[in-house]
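Take a look at the structure below.
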Amino acid sequence: MTFPPSLRPAALLVPLAAALALATAPAVAQNAPPVKVGFMLPSTGTFAALGDMIEKGFRMYVQEQGGKLGGREIQYFRVDDESDPSKATDNVNRLIKRDQVDVVVGTVHSGVALAMARAARESNTILIVPNAGADAITGPLCAPNIVRSSFSNWQPGYAAGVMATQKGYKRAVSIYWNYAAGQESGKGFAEAFEKGGGKVLKELTLPFPNVEFQALLTEIAALKPDVVFAFFAGAGAAKFVKDYDAAGLKRTIPLVGSGFLTDGVLEAQGDSAQGMMTALHYADGINTPRNNQFRTRFAVQYKLNPDVYAVQGYDAAQILAAGLNAVKGDLKQRDAMLAAMRKTPIDSPRGRYTLAAAGNPIQDFYIREVKGRENLMTGISVKVLADPARGCRM
Ligand code: BEZ
């Protein structure tokens with residue numbers, strides 16, 4: 017894959033930059049107070065479980081490092097954002113102004129994350145986004161102090177479109193919650209699907225977090241497409257997949273999606289999800305020593321199998337560690353710290369990746385199939401997929 021110069025991964029510059037920073041950094045870490053990390057995540061509502069997995073993943077990585085990053089203890093603060101964009105500015109300011117955190121980590125919901133990105137730009141606070149895919153965060157709102165450990169909404173939508181094209185489907189209907197994540201996933205899907213010769217007949221939407229799907233399922237039955245693409249996540253995804261099956265559609269029209277449709281919710285979906293195919297930057301059963309070690313440790317520590325959200329939380333901590341290690345915990349060396357956060361390759365359970373100049377992961381997208389209680393990897397949809405970062409000027 018080729019990249020325009022402004023988006024080219026700068027991983028090759030890392031060793032020199034990191035070595036220089038380490039050589040010149042004073043050993044401030046020993047007597048310095050803890051680095052304050054503020055989690056802004058949902059702990060109530062449709063996305064509560066997703067927020068919980070992100071925090072678990074983040075904390076596990078810090079514990080693996082002996083509780084310190086760059087030689088400094090980590091002190092946690094937390095705000096429940098309720099996945100409510102109307103409360104987002106007040107909520108993020110609780111962390112930035114009241115708690116005076118050094119770094120904000122959040123969130124799940126794109127609409128909430130957009131407000132957080134604006135607040136981070138205004139206050140110059142470091143923001144690591146561990147899920148929300150709003151394209152604008154690494155597009156028009158991109159900034160040196162903002163990075164993402166997850167994806168842009170365009171990416172998994174595009175990868176699902178490639179997957180549907182490879183399966184030979186020609187006529188699709190899309191269905192999603194009508195906010196940035198759904199709209200941008202739908203756009204990514206349509207871009208790849210139509211490039212591959214398919215046509216999206218209709219986009220059906222409902223407001224977030226509404227789960228009254230019946231009227232839309234009736235419309236899908238009437239339209240009779242070859243395939244349905246859906247973006248839902250968390251508790252809403254669990255209900256959608258069950259309702260789709262109960263309406264008798266699973267037998268006649270294949271349902272595909274970005275992998276959020278089946279990640280972390282397979283227990284709740286039961287037989288309704290069996291055989292479903294999705295595309296995502298993580299899958300169960302990636303058989304690498306790194307992923308196997310991560311999954312074993314997570315299962316031992318939390319008595320749970322990790323999901324994509326846990327991986328993204330874990331990697332958010334890895335990105336912060338890359339920055340703090342480069343400056344030996346000296347937050348005053350801000351530019352060197354931010355540069356290292358952006359340029360250090362991340363040794364993720366999903367596979368190694370780098371961040372583009374705009375701050376979004378350049379990563380492989382897997383094809384997954386639900387078997388039992390796992391989203392098993394069955395192939396690759398797109399390798400090293402970079403978000404186009406439209407509108408990012410830095
Ligand atoms: C989002 O709002 O960006 C989002 C929420 C859940 C899963 C994936 C994306």
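Be aware that the sequence shown starts at 17, since it is given in my numbering, and climbs by one per residue. Backbone N, C-alpha and C define an ideal beta-carbon position, used for all residues, glycine too.
{"Check": "Below 7 Å CB to CB, which residues in the same chain sit around GLY198 once its five sequence neighbours on both sides are set aside?", "Outcome": "TYR192, THR221 and PHE247"}
{"Check": "Which residues bound the beta strand (DSSP E) around MET76?", "Outcome": "No beta strand (DSSP E) contains MET76, which is instead part of the alpha helix (DSSP H) from 64-80."}
{"Check": "What whole-angstrom Cβ distance do VAL124 and LEU111 have, given they're in contact under 8 Å?", "Outcome": "About 16 Å separates the two Cβ atoms, so there is no contact after all."}
{"Check": "Please classify GLN379: does DSSP put it in a helix, a strand, or coil?", "Outcome": "strand"}
{"Check": "The beta strand (DSSP E) that contains ASP96, what's its start and end?", "Outcome": "88-96"}
{"Check": "Look at the Cβ atom of THR60, then the Cβ atom of ASP96, and state whether they are nearer than 7 Å.", "Outcome": "yes"}
{"Check": "DSSP has GLY286 in a bridge; who is on the other side?", "Outcome": "For GLY286, which the question treats as bridged, DSSP gives no partner whatsoever."}
{"Check": "Measuring only the C-alpha atoms, how far is LYS359 from ALA374?", "Outcome": "11 Å"}
{"Check": "Can you list, in chain order, the residues of its chain with a C-beta nearer than 6 Å to that of ASN226? Leave out the 5 residues immediately preceding and following it.", "Outcome": "none"}
{"Check": "Where PHE229 and PHE256 are concerned, what is the direct C-alpha to C-alpha distance, given to the nearest angstrom?", "Outcome": "7 Å"}
{"Check": "Assess, as a yes-or-no matter, whether the stretch 148-167 is touched by the stretch 396-409 under the definition of 3 or more beta carbon pairs within less than 8 Å.", "Outcome": "yes"}
{"Check": "Kindly indicate which three-state DSSP category ALA246 falls into: helix, strand or coil?", "Outcome": "strand"}
{"Check": "Leaving out the 5 sequence neighbours to the left and right, which residues in its chain are closer than 7 Å to ALA41 when beta-carbon positions are compared?", "Outcome": "With a pLDDT of 42 at ALA41, under the threshold of 50, the modelled position of that residue is not reliable, and no figure is offered here."}
{"Check": "With 16 other CB atoms within 10 Å as the buried threshold, where does ARG88 fall?", "Outcome": "buried"}
{"Check": "Within 10 angstroms of the Cβ of ARG14, are there 16 or more other Cβ atoms? Answer buried if so, exposed if not.", "Outcome": "Because the chain is modelled from 17 through 410, residue 14 falls outside the range shown and cannot be assessed."}
{"Check": "With distances taken between CB atoms, is the gap from VAL78 to ALA402 smaller than 7 Å?", "Outcome": "no"}
{"Check": "Where does GLY275 sit, in a helix, a strand or coil, going by DSSP?", "Outcome": "helix"}
{"Check": "Put SER126 into one of helix, strand or coil per three-state DSSP.", "Outcome": "helix"}
{"Check": "Just to confirm, does VAL400 get its C-beta within under 6 Å of one of the non-hydrogen atoms of the ligand BEZ?", "Outcome": "no"}
{"Check": "In three-state terms, what does DSSP make of SER139?", "Outcome": "helix"}
{"Check": "Just to confirm the assignment: which complete beta strand (DSSP E) runs, minimum length 3, are found wholly within the stretch 212-263?", "Outcome": "215-222 and 243-247"}
{"Check": "Does the ligand BEZ have even one heavy atom less than 6 Å from the beta-carbon of ALA135?", "Outcome": "no"}
{"Check": "Which residue wins for smallest C-alpha separation from PRO305, given the options SER364, LEU336 and ALA284?", "Outcome": "SER364"}
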